[in-house]
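Residue numbers (this note's numbering), protein chains in the order written: chain R, 1 to 473; chain H, 1 to 473.
Each remark here refers to the structure printed beneath this line.
Number of protein chains: 2
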Amino acid sequence: MNLEAIDSYLSRARGRHLDSFAELLSVPSVSADPTHKQDIDACAEWLHAHLSGIGLENVTLLRSGGNPVVYADWLHAGEDQPTVLVYGHYDVQPPEPLDLWQSPPFEPSFRDGRVYARGASDNKGSFYVYLKTFEAFMETAGAMPVNVKFLIEGEEELRADHLASLVTEEGERLKADFAVVTDAGFFTADIPGISTGLRGMAAINFTLHAARDDLHSGGFGGTVPNALHAMVTLLNGLHSPEDGRVLVEGFYDSVRPLPDEVRKAWEELPFDEEEFRDSLGLTQLFGEDGYSPVERLWVRPTLELCGVWGGYQGDGVKTVIPCESHAKISCRLVPDQSPEEVLALVRRHLEKNIPPGCRLSVDFELPGCYPVVTSDKHPALDCALDALREVYGVEPVVFRAGGSVPVVEILQRILGLDSVLLGFSCPDENFHAPNEFFRLDNFDRGTRTAAHFLLGLRDRDDVKRIAGRPRSS
Amino acid sequence: MNLEAIDSYLSRARGRHLDSFAELLSVPSVSADPTHKQDIDACAEWLHAHLSGIGLENVTLLRSGGNPVVYADWLHAGEDQPTVLVYGHYDVQPPEPLDLWQSPPFEPSFRDGRVYARGASDNKGSFYVYLKTFEAFMETAGAMPVNVKFLIEGEEELRADHLASLVTEEGERLKADFAVVTDAGFFTADIPGISTGLRGMAAINFTLHAARDDLHSGGFGGTVPNALHAMVTLLNGLHSPEDGRVLVEGFYDSVRPLPDEVRKAWEELPFDEEEFRDSLGLTQLFGEDGYSPVERLWVRPTLELCGVWGGYQGDGVKTVIPCESHAKISCRLVPDQSPEEVLALVRRHLEKNIPPGCRLSVDFELPGCYPVVTSDKHPALDCALDALREVYGVEPVVFRAGGSVPVVEILQRILGLDSVLLGFSCPDENFHAPNEFFRLDNFDRGTRTAAHFLLGLRDRDDVKRIAGRPRSS
Numbered sequence: 001m002n003l004e005a006i007d008s009y010l011s012r013a014r015g016r017h018l019d020s021f022a023e024l025l026s027v028p029s030v031s032a033d034p035t036h037k038q039d040i041d042a043c044a045e046w047l048h049a050h051l052s053g054i055g056l057e058n059v060t061l062l063r064s065g066g067n068p069v070v071y072a073d074w075l076h077a078g079e080d081q082p083t084v085l086v087y088g089h090y091d092v093q094p095p096e097p098l099d100l101w102q103s104p105p106f107e108p109s110f111r112d113g114r115v116y117a118r119g120a121s122d123n124k125g126s127f128y129v130y131l132k133t134f135e136a137f138m139e140t141a142g143a144m145p146v147n148v149k150f151l152i153e154g155e156e157e158l159r160a161d162h163l164a165s166l167v168t169e170e171g172e173r174l175k176a177d178f179a180v181v182t183d184a185g186f187f188t189a190d191i192p193g194i195s196t197g198l199r200g201m202a203a204i205n206f207t208l209h210a211a212r213d214d215l216h217s218g219g220f221g222g223t224v225p226n227a228l229h230a231m232v233t234l235l236n237g238l239h240s241p242e243d244g245r246v247l248v249e250g251f252y253d254s255v256r257p258l259p260d261e262v263r264k265a266w267e268e269l270p271f272d273e274e275e276f277r278d279s280l281g282l283t284q285l286f287g288e289d290g291y292s293p294v295e296r297l298w299v300r301p302t303l304e305l306c307g308v309w310g311g312y313q314g315d316g317v318k319t320v321i322p323c324e325s326h327a328k329i330s331c332r333l334v335p336d337q338s339p340e341e342v343l344a345l346v347r348r349h350l351e352k353n354i355p356p357g358c359r360l361s362v363d364f365e366l367p368g369c370y371p372v373v374t375s376d377k378h379p380a381l382d383c384a385l386d387a388l389r390e391v392y393g394v395e396p397v398v399f400r401a402g403g404s405v406p407v408v409e410i411l412q413r414i415l416g417l418d419s420v421l422l423g424f425s426c427p428d429e430n431f432h433a434p435n436e437f438f439r440l441d442n443f444d445r446g447t448r449t450a451a452h453f454l455l456g457l458r459d460r461d462d463v464k465r466i467a468g469r470p471r472s473s
Numbered sequence: 001m002n003l004e005a006i007d008s009y010l011s012r013a014r015g016r017h018l019d020s021f022a023e024l025l026s027v028p029s030v031s032a033d034p035t036h037k038q039d040i041d042a043c044a045e046w047l048h049a050h051l052s053g054i055g056l057e058n059v060t061l062l063r064s065g066g067n068p069v070v071y072a073d074w075l076h077a078g079e080d081q082p083t084v085l086v087y088g089h090y091d092v093q094p095p096e097p098l099d100l101w102q103s104p105p106f107e108p109s110f111r112d113g114r115v116y117a118r119g120a121s122d123n124k125g126s127f128y129v130y131l132k133t134f135e136a137f138m139e140t141a142g143a144m145p146v147n148v149k150f151l152i153e154g155e156e157e158l159r160a161d162h163l164a165s166l167v168t169e170e171g172e173r174l175k176a177d178f179a180v181v182t183d184a185g186f187f188t189a190d191i192p193g194i195s196t197g198l199r200g201m202a203a204i205n206f207t208l209h210a211a212r213d214d215l216h217s218g219g220f221g222g223t224v225p226n227a228l229h230a231m232v233t234l235l236n237g238l239h240s241p242e243d244g245r246v247l248v249e250g251f252y253d254s255v256r257p258l259p260d261e262v263r264k265a266w267e268e269l270p271f272d273e274e275e276f277r278d279s280l281g282l283t284q285l286f287g288e289d290g291y292s293p294v295e296r297l298w299v300r301p302t303l304e305l306c307g308v309w310g311g312y313q314g315d316g317v318k319t320v321i322p323c324e325s326h327a328k329i330s331c332r333l334v335p336d337q338s339p340e341e342v343l344a345l346v347r348r349h350l351e352k353n354i355p356p357g358c359r360l361s362v363d364f365e366l367p368g369c370y371p372v373v374t375s376d377k378h379p380a381l382d383c384a385l386d387a388l389r390e391v392y393g394v395e396p397v398v399f400r401a402g403g404s405v406p407v408v409e410i411l412q413r414i415l416g417l418d419s420v421l422l423g424f425s426c427p428d429e430n431f432h433a434p435n436e437f438f439r440l441d442n443f444d445r446g447t448r449t450a451a452h453f454l455l456g457l458r459d460r461d462d463v464k465r466i467a468g469r470p471r472s473s
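Following this line, the structure appears as structure tokens:
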């Protein structure tokens, strides 16, 4: 079992590996859109076949009320060796707006050392890295350095409750010493790193109703409520114009204060505010006063408008007073907020502030997932950082992430499993946006890093759980 | 020439007349949508054939850079008789949102004594009344009591500048003593009346731009401007939350104060605020403090949000920070505001208040039309009121209207022509909204009223212009 042989195998097989990666990216496995149900199933089937083909065993499609979850394992490294649960998700975000894509979202386009496709960076690229690393060990050594279990789910972009049920039901099958969560990425495109904290998420969709029908702005304008005007008033009241704070009563009550030493440590991080701003095509950043951008991103909760609409959207002019308007809000949560608590607060705020003459209906609520912080002392984290340092030749950083990966909190809460978030995405790769891409360099170096990491875990007794309890508890 | 014969003819021909009305309503002559260009032409051709068929002469399709304008006349009443220019428009508003229609907008549905179709009330119904009245005179007496010219245009819902050019170019052809503008209606469904004032209109569409692309609310939320949040802030600043006034600087500067005696007279109008409110399915009315609903509707300018959108509008949740948001605003204007002046003020307000980190682009501006007040002393107005009183058996009211009919101001300004706004729509007939309808009772009584009105104009020297100047000047 040696890394040179693995490197050589991966170099030789690269073309074939990218072809099959393109196949995986071609499946429009959009979990949020019911019309893609067949594509979800097709993607799970594709993975079932692929995992079987590369030598994984017990390949199974598990279900717990939702989209199939792909499970597979290889447990022949010996009982003394650690067992690693590798997590990924094959579902992707909706690709809309389609007209902003330079190449179609489900026709992978290889250009400029990148592959452009919906799901390339979030998360098909990173879990595929681990599949090819597994294949490389098996093809060069006929074995893995540690026992591995793969769990690749299909509702990460949709909801976390089905995964939580499945993890509860399948606790025995998923038993491991710790998890490697591949739905993660680097600090910047140039600086590899591993995050040890994630924000939670909660979302609410609602409608304001005014008159029975849309009304003519001439015949009625000046006398009746306008559902769009009312929506603007209601939404505007969600943030303070002075300091950008969320004005929902109680919103910050459960937010854990940041220790001074952590704040100080973060000031030393190689975060270049100007470069960050320019990379997004912005003239200035924006957010809550009194916190640095990384604090606002990692340890401050947010309330964002993800969609608002009402009235006429066609060409030209339609002089209408809309009778309905719609909004989609999502919140990012930080310890110790809970999604249920935040949804209740937001709903109460909305209901208390319904503009005159309007009626509010809540169309959908998603208590998405809890915020989580993982141990920054876990020995497997050190192994992962060693691997990054070795392959990338720079000092990786330990940071937090602003996004949400529900599985980390679910594994911690239900199975007592620690997670190491070693994925190979970069924050500029347009996930959840048009023109999502994945760097092929990170496919190449990712597989070498994963191989280094897994090999480094061999014989490491300190990563093993003691008597079924997580190391960190 | 007698009204009994006309009544009898119209009763006998009713089925045939409604069949041909349904044909007219079936043509989706939507002027705002370029994909309906052929339907616009088809509607003009249908009218050309129809007008020729009922005995009108010199039937011509005029153009002045825009959709065809249908002209026709019958000038054999004698030089001593008044010449009346009858105005209507065959273009209709876009029918969207289609899913709120109970029957398809271009498949006329006759039910409950009404015909449901886009354009039924605005304005195909009312000008069709005059066509059938003309036909009835010709079929029963072989002549009209006065000279008539018809002008039926195809861009009323779109823009007024083509009509203004055409009226300038065709001044000789359009020469008349006064105009009857059929794009008008009653005070309420129960109370016939004639309006002597109309508001003007101006519209502006714009976009706010923030980051280069849509961004992930996890990876970026808390640090970057959200184009929807920015739009909400910008739009919210357009009205005072305290008193509902428009906060655009200078917006009210040109507004002509309402004389006390007019305000007092309007207090006597049979306007039932509760009934008005309930008819719209509202729990309360809404508007500028310090003015009655009819004042807000007739002599106060407004600024309405007619369309706002940005971000994700599909099912479920997409945790995106939108990089673009869009708004369509329309203003109703009152004397002595001008559309150009108001657009400049609104644009300046928007540009001065662009939220941090955003860029604004104005996508479209429509200096729609000027507000106008017509003479309430014109003898033809008395003739029209007499006809309403006679046919409907109740006292008609003279009021103002909140909507805009550009032709009234254009004929006044360019040709010095007074207008009498005798149309047969009712304010509850959902024009510009789903389920537009026209009452068949007002088709029947409308034709009798128009006949009474036109016959009453015969030999009335006092409605004639003196030496080419309008009576009212």
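Glycine included, C-beta positions come from ideal geometry on N, C-alpha and C.
Proximity of residue i and residue j at Cβ, strictly below 8 Å
i, j, result
"Val398/H", "Thr182/H", "no"
"Tyr312/H", "Cys43/R", "no"
"Ala22/H", "Pro105/H", "no"
"Gln337/H", "Val405/H", "no"
"Ala384/R", "Phe453/R", "yes"
"Val84/R", "Val148/R", "yes"
"Ala5/H", "Thr188/H", "no"
"Pro355/R", "Leu235/R", "no"
"Ala474/H", "Tyr87/H", "Absent from the model: residue 474/H. The displayed extent of chain H is 1 to 473, so no value can be given."
"Pro339/R", "Gly200/R", "yes"
Start-to-end residues for the beta strand (DSSP E) that takes in residue i
i, result
"Leu385/H", "Where Leu385/H is concerned, there is no enclosing beta strand (DSSP E), although the alpha helix (DSSP H) it sits in stretches over 379 to 392."
Contact belief for residue i with residue j at Cβ below 8 Å, rounded distance in angstroms
i, j, result
"Arg458/R", "Gln81/R", "6 Å"
"Ala210/H", "Leu282/R", "7 Å"
"His162/H", "Ser64/H", "5 Å"
"Arg460/H", "Pro379/H", "6 Å"
"Asp315/R", "Ala433/H", "About 19 Å; that fails the 8 Å criterion."
"Ser330/R", "Leu208/R", "Not really, about 18 Å apart at Cβ, beyond 8 Å."
Opening and closing residue of the alpha helix (DSSP H) in which residue i lies
i, result
"Met1/R", "Looking at the DSSP string, Met1/R is not in any alpha helix (DSSP H), and its letter there is neither H nor E."
"Trp101/R", "Segment: none, Trp101/R is in no alpha helix (DSSP H) and carries neither H nor E."
"Lys352/H", "339 to 352"
"Val262/H", "260 to 267"
Backbone secondary structure at residue i - three-state DSSP
i, result
"Asp404/H", "According to the sequence as given, residue 404/H is Ser; it is not Asp. Of the three classes helix, strand and coil, the one that applies to Ser404/H here is coil, per DSSP."
"Trp309/H", "strand"
"Phe453/H", "helix"
"Val474/R", "Past the boundaries of the shown model lies residue 474/R; chain R is included only from 1 to 473, so the question cannot be answered."
"Glu304/R", "strand"
"Thr196/H", "coil"
"Met231/R", "helix"
"Asn435/R", "coil"
"Tyr370/H", "coil"
"Asn67/R", "coil"
"Glu324/R", "strand"
"His76/H", "coil"
Exposure of residue i, with buried meaning 16 or more beta-carbon neighbours within 10 Å
i, result
"Lys37/H", "exposed"
"Ala467/R", "Only weak support is given to the placement of Ala467/R: the predicted model assigns it a pLDDT of 46, under 50, and the value that follows is read from those uncertain coordinates. It is exposed - the Cβ of Ala467/R has fewer than 16 other Cβ atoms within 10 Å."
"Leu98/R", "exposed"
"Glu274/H", "exposed"
"Ser425/H", "buried"
Near the ligand MN: residue i beta-carbon under 7 Å from a heavy atom
i, result
"Ala387/H", "Absence of the ligand MN is noted for the structure shown, with no ligands found whatsoever."
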